[in-house]
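Heads up: the structure comes next, in C-alpha cells.
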Amino acid sequence: MLKYTLRRILGMIPMLLLISIVVFSLALSMPGDPFGGEIDPNNTDPQYIEEMREKAGLNDPVHVQYGRWISNFMQGDFGESTRYKMPVAELIGERMPNTLFLGITSLVITYILAFVMGMYAGRKPYTTADNLIGGVNYLGLAVPSYIAGVFAIYFFSFKLGWFPFSGSVDITLQNGSFEYYLSRLHHVFLPAIVLGALGTASYTQFLRNDIIESSRKDYVRTARAKGTPETKIYNKHILRNSIIPLITFLGFDIVTLISGAIITEAIFTYPGIGQLFLDSINNRDYPVMMTLTMMFSFLVLFGNMIADLLYGIVDPRIRVD
Amino acid sequence: MNNFTDLQSQPPLLEVNNLETAFEIDGEWHNAVDNVSFQVKPKQVIGVVGESGCGKSVMSLSIMKLLPKGIGKIRNGDIKFNGINLEKLNDKEMNKVRGKDIAMIFQEPMTSLNPVFTIGFQLSESLHNHFNISKKDARKKVIHLLDKVGISRPEKVVDEYPHQLSGGMRQRVMIAMAIACEPKLLIADEPTTALDVTVQAQILELLQELQTTNDMSIILITHDLGVVAESCHEVIVMYAGEVVEQTDVVTLFESPKHPYTQLLMQSIPRMDQEEEVLASIEGIVPSLKNMPRQGCKFVDRCPKAMDECRSITPQLRESSPGHGVKCLLYETSWEQEGMKAK
Ligand SMILES: Nc1ncnc2c1ncn2[C@@H]1O[C@H](COP(=O)(O)OP(=O)(O)OP(=O)(O)O)[C@@H](O)[C@H]1O
Ligand SMILES: [Mg+2]
Chain A
1 MLKYTLRRIL
11 GMIPMLLLIS
21 IVVFSLALSM
31 PGDPFGGEID
41 PNNTDPQYIE
51 EMREKAGLND
61 PVHVQYGRWI
71 SNFMQGDFGE
81 STRYKMPVAE
91 LIGERMPNTL
101 FLGITSLVIT
111 YILAFVMGMY
121 AGRKPYTTAD
131 NLIGGVNYLG
141 LAVPSYIAGV
151 FAIYFFSFKL
161 GWFPFSGSVD
171 ITLQNGSFEY
181 YLSRLHHVFL
191 PAIVLGALGT
201 ASYTQFLRND
211 IIESSRKDYV
221 RTARAKGTPE
231 TKIYNKHILR
241 NSIIPLITFL
251 GFDIVTLISG
261 AIITEAIFTY
271 PGIGQLFLDS
281 INNRDYPVMM
291 TLTMMFSFLV
301 LFGNMIADLL
311 YGIVDPRIRV
321 D
Chain B
1 MNNFTDLQSQ
11 PPLLEVNNLE
21 TAFEIDGEWH
31 NAVDNVSFQV
41 KPKQVIGVVG
51 ESGCGKSVMS
61 LSIMKLLPKG
71 IGKIRNGDIK
81 FNGINLEKLN
91 DKEMNKVRGK
101 DIAMIFQEPM
111 TSLNPVFTIG
121 FQLSESLHNH
131 FNISKKDARK
141 KVIHLLDKVG
151 ISRPEKVVDE
161 YPHQLSGGMR
171 QRVMIAMAIA
181 CEPKLLIADE
191 PTTALDVTVQ
201 AQILELLQEL
211 QTTNDMSIIL
221 ITHDLGVVAE
231 SCHEVIVMYA
241 GEVVEQTDVV
251 TLFESPKHPY
261 TQLLMQSIPR
271 MDQEEEVLAS
281 IEGIVPSLKN
291 MPRQGCKFVD
301 RCPKAMDECR
311 SITPQLRESS
321 PGHGVKCLLY
331 ETSWEQEGMK
341 AK
C-alpha cells in the first residue's frame, strides 16, 4: 500500500509540471498585466511603469519568467497577492477553514439525504415513493445553484429572517467563544443546505440503481436461504457491495471539499476559496489565481489516488501493493 | 444407507402436494412447475432428475419460498414441513425455518457467496440467525464446520474472502453453511454441475457422509442419473415442469418405464463402454411460452409417440405399486374408451 502510494505520488510529478506550463501560458495570454488595476496609467510617468516592470521581471524572456515562478513555487513561495498585499499562502490559509467547514457540512447533508433516499428507493423500486424520490432528485439536478441560492436567500433570509445571507461569522463576536462557533454554524447552514441538497441527485440514483442490481445477485439468495432478515440483507449484504462504486464520487468530493463551491460562495458572499478564486480572476491577481489553479489540479490527481486506495480497502478483491 | 422398509412406515418430513409455480412473462402467467407431488421421509435421499429447464430449481426455490418476488409465485398446492404448511408462514416465520430446518445449496458456487465478506462472517451469520451464540463460540464452530467439510487449514480460510477459494472449496463452504444449524432437510440443487469431475465425486461423497452422520434428508437435484444410482433412495424424473416417473431407485434402474427416463438412462456415461459418444436426446425442453397445452409435453421428442399423445393428456398413474408413470403407453383406459367408441 505504501509503495503503491509513493509510486502514485511520483507519477503525479510530470503531470503537475505539464499542468504548470499550461497554467503559466494561460496566465500570460490573459489580457492586461498585474499592474492593470494598481497604477493609473494616465497620471503615472511611463518611465516609472517601465522601471516597475523591469523590477518585477516582466520584461524577461518567457522561459526565464516560468523558471523563476516554478522554482519559487516548488520551494513553497507562491508569491504575494497583488490585491491583498499579503503572501498567497497566508491568504489561502485564511480562507481554507471556511471552505472546509462549508464543504464538510454540505457533504454530510448530501450523504445523509442520498443514503436515506437511495436505500429506500432501491429497496422499494418502481413504487410511488421511489418515483417521488426520483422526481425530486432530477429537479435538484436541473436547478442551478445560483437559482436555488437566490431563492433560499429570498425566503429564509429576507422573508423569514432565519439565516444570515452573507459572511461566515458575526464579526462582533470574539474568536473562540461558544457564540462564535454557533454563529459560524448559523452562517454556513443555508449555503450548505443548497450545496448539499443539489448534490444528492447523482448519489441517490446511483445508489438506488446499484441496490436494485445487487438485490438480484446469487449471494443475496444465499443470505435469504440461511434465514437472514430482509433488513439486514439490504443494510449489510447489499449496501456493502453497492458502496464500492460510490467511491469514485468520493474522489471528486475531496476536490470540491477544498476547492470550494465557486458559485455558491459567491452568492452567499461566503469568504472561502471559491470566492477568492473568482476575485483573483476579476482583479488579475495572478499569483493567487495561478496558485489556486495549481492547487485544484493537484487535488484532482490526489482525489483520484485516494479513491483508488479506498477501493483497495473496501473491496477485498482489489488489493493494491 | 438406511433400511428401505424403515423409511416407508414413518410420517413424511416434507410433503409437496399438487405444487404449481408460475412466472409472469409478457403479462401472462406460465407454469414452470406443474402439479408436482412427492414426499420426503426422514433420513431419505430423494433424487430429482431432468434436463436443463425442467423446473428443478424452481421447484426447490418454491419449497424455500425464495422465488423472485413479483415475477414468480406459487399458484396452487401446498408444501408441508413436519406437518406445518409453509405457505401460511409469513416472512419472519419462514426465516426461522430457512437455514435452520431446511437448508439449500445452490447450483452456482462461484457467485453464491458475497464477495465482500469473509468466509467466517458468512458462515457464522447462519449460526447467529438461529442461535444465541457468542462471536467467539461461533468462530470456533465455523472452524470446526470447515474442517468437517474437508477444507484444509480452516483457521486460515475463516478469514479469507470467496475470491481466494476455488470453485470446489466454495461449494464446500456452501455445504458447511447449509449444515451449520444441522437442518433436517437439505436441498442440494445440482451441487456439482459447475465443478470439475474429480471434485464432483468428492462433493457427492461428502454429502453422503454428512447425510448419515447428521441424520438428514436430502433432495438431490441433478441431471446425472449416475449420481442418482449411487446416492438416492427414491427418484423423481421431471420433464417440462411435471413429474413423469417416480419410484424407488432399484425399480427405476431395473425397469424404467417412461420413454424419457429410458433415453436418460442411455445417456449415462459408462466405464465399460469404449465409445466416447453418448446418446443424447434430440431436441430441447420447450420454453414456458411454447409449452403444449394439451397432450404429452414430451411428444415431439418421444421415439414412441402415438397420434393419441397429442390429444390426450396423460396422468401420473401407478403402473405397479410405488411406481408412478405419466405416459399413455401405460394407461389402458383411453384405449378402452377408444374401443368402445368404435
Ligand atoms: N426468474 C424466472 N423468470 C422467468 N422464467 C424463469 C425464471 N426462472 C426460471 N424460469 C423458467 O422456468 C423453467 C424451469 O427453470 P429451472 O431453472 O427450474 O430449470 P432447471 O431444471 O433447474 O434447469 P438447470 O438444470 O439448467 O438448472 C425454465 O423454462 C426457465 O426458463
Ligand atoms: Mg437449476
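For the protein sequence lines, the chains are A and B, in the order given. Take 1 as the starting number for the first sequence in the UniProt record's numbering and just add one per residue. Take 1 as the starting number for the second sequence in the UniProt record's numbering and just add one per residue. Glycine is no exception: its CB is placed at the ideal position from the N, C-alpha and C atoms.
Pick from the options that is closest to residue i, judged by C-alpha positions
i	options	result
B/Pro-162	A/Ile-318, A/Phe-298, A/Pro-245, A/Leu-2	A/Ile-318
A/Gly-161	A/Tyr-181, A/Gln-174, A/Ser-168, A/His-186	A/His-186
A/Tyr-203	A/Ile-313, A/Arg-184, A/Pro-245, A/Leu-292	A/Pro-245
A/His-237	B/Val-299, B/Leu-263, B/Phe-121	B/Phe-121
B/Asn-31	B/Val-244, B/Thr-21, B/Phe-38	B/Thr-21
B/Arg-293	B/Ile-281, B/Met-306, B/Arg-310, B/Pro-68	B/Arg-310
A/Ile-258	A/Asp-308, A/Tyr-180, A/Leu-113, A/Glu-94	A/Glu-94
residue 344 of chain B	B/Val-49, B/Asp-26, B/Gln-10	Absent from the model: residue 344 of chain B. The displayed extent of chain B is 1 to 342, so no value can be given.
B/Leu-210	B/Val-244, B/Lys-184, B/Asp-224	B/Lys-184
residue 403 of chain A	A/Leu-310, A/Val-314, A/Asp-315, A/Phe-298	As shown, chain A starts at 1 and ends at 321. That puts residue 403 of chain A outside it, with no answer to give.
residue 380 of chain B	B/Gly-167, B/Pro-286, B/Ser-9, B/Arg-75	Chain B is shown from 1 up to 342; residue 380 of chain B falls before or after that span and cannot be answered.
A/Gly-251	A/Asp-285, A/Asp-308, A/Gly-227	A/Asp-308
B/Leu-66	B/Ser-255, B/Ile-102, B/Met-238	B/Ile-102
A/Ile-143	A/Ile-281, A/Ala-201, A/Ala-56, A/Glu-51	According to the sequence shown, residue 143 of chain A is Val rather than Ile. Measuring from the Cα of A/Val-143, the nearest candidate turns out to be A/Ala-201.
A/Arg-277	A/Met-289, A/Thr-105, A/Ile-313, A/Ala-192	The sequence given here places Phe at residue 277 of chain A; Arg does not occur at that position. Out of A/Met-289, A/Thr-105, A/Ile-313, A/Ala-192, A/Met-289 has the C-alpha closest to the C-alpha of A/Phe-277.
Outcome for residue i when other beta-carbon atoms lying within 10 angstroms are tallied against a minimum of 16
i	result
B/Leu-61	buried
A/Leu-2	exposed
B/Gly-83	exposed
B/Leu-186	buried
A/Leu-28	exposed
B/Arg-172	buried
A/Gln-47	exposed
residue 326 of chain A	This structure gives no information on residue 326 of chain A, because the portion of chain A shown stretches from 1 to 321.
B/Tyr-260	buried
A/Asn-131	exposed
A/Ile-13	exposed
B/Gly-72	buried
Cutoff 8 angstroms: residue i Cβ touching any chain A Cβ
i	result
B/Phe-106	yes
B/Lys-289	no
B/Val-116	yes
B/Ala-229	no
B/Asp-91	yes
B/His-163	yes
B/Glu-87	no
B/Glu-125	yes
B/Leu-220	no
B/Ser-60	no
Any C-beta of chain B under 8 angstroms from that of residue i
i	result
A/Gly-312	no
A/Ala-225	yes
A/Leu-228	Reading off the sequence, residue 228 of chain A comes out as Thr, not Leu. Cβ-Cβ to chain B under 8 angstroms: yes for A/Thr-228.
A/Lys-217	yes
A/Asp-210	no
A/Arg-235	For the record, residue 235 of chain A in the displayed sequence is Asn; it is not Arg. By this cut-off, A/Asn-235 is not an interface position.
A/Asp-130	no
A/Pro-316	yes
Residues bridged to residue i (per DSSP)
i	result
B/Val-243	B/Met-238
A/Gln-275	Note: A/Gln-275 sits in no beta bridge, so no partner.
B/Trp-29	B/Glu-24
A/His-186	A/His-186 pairs with nothing; no bridge assigned.
B/Ser-320	B/His-323
B/Asp-189	B/Ile-221
B/Gly-47	B/Leu-220, B/Val-235
B/Gly-72	B/Phe-23
A/Pro-87	A/Glu-80
B/Val-40	B/Leu-14
B/Ile-102	B/Arg-98, B/Leu-185
B/Ile-175	DSSP lists no partner for B/Ile-175.
**OP:** Taking 8 angstroms as the threshold, find out whether the segment 235-242 of chain A comes into contact with the segment 67-83 of chain A through three or more Cβ pairs.
**Re:** no
Original post:
Contact between the segment 220-228 of chain B and the segment 14-21 of chain B: three or more CB pairs below 8 angstroms?
Top reply: no
Original post:
Are there three or more Cβ pairs, one per stretch, closer than 8 angstroms when the segment 180-194 of chain B is compared with the segment 103-120 of chain B?
Top reply: yes
Original post:
Should the segment 110-122 of chain A be called in touch with the segment 204-223 of chain A, which here means at least 3 C-beta pairs below 8 angstroms?
Top reply: yes
Original post:
Are the segment 211-231 of chain A and the segment 177-193 of chain A touching by the rule of at least three beta carbon pairs closer than 8 angstroms?
Top reply: no
Original post:
Hey, is the segment 64-83 of chain A in contact with the segment 148-167 of chain A, meaning 3+ C-beta pairs nearer than 8 angstroms?
Top reply: no
**OP:** Decide yes or no for the touch test of the segment 115-135 of chain B against the segment 72-83 of chain B: beta carbon pairs closer than 8 angstroms, at least 3 of them.
**Re:** no
**OP:** For the segment 271-285 of chain A and the segment 91-106 of chain A, state whether three or more C-beta atom pairs, one from each stretch, are separated by less than 8 angstroms.
**Re:** yes
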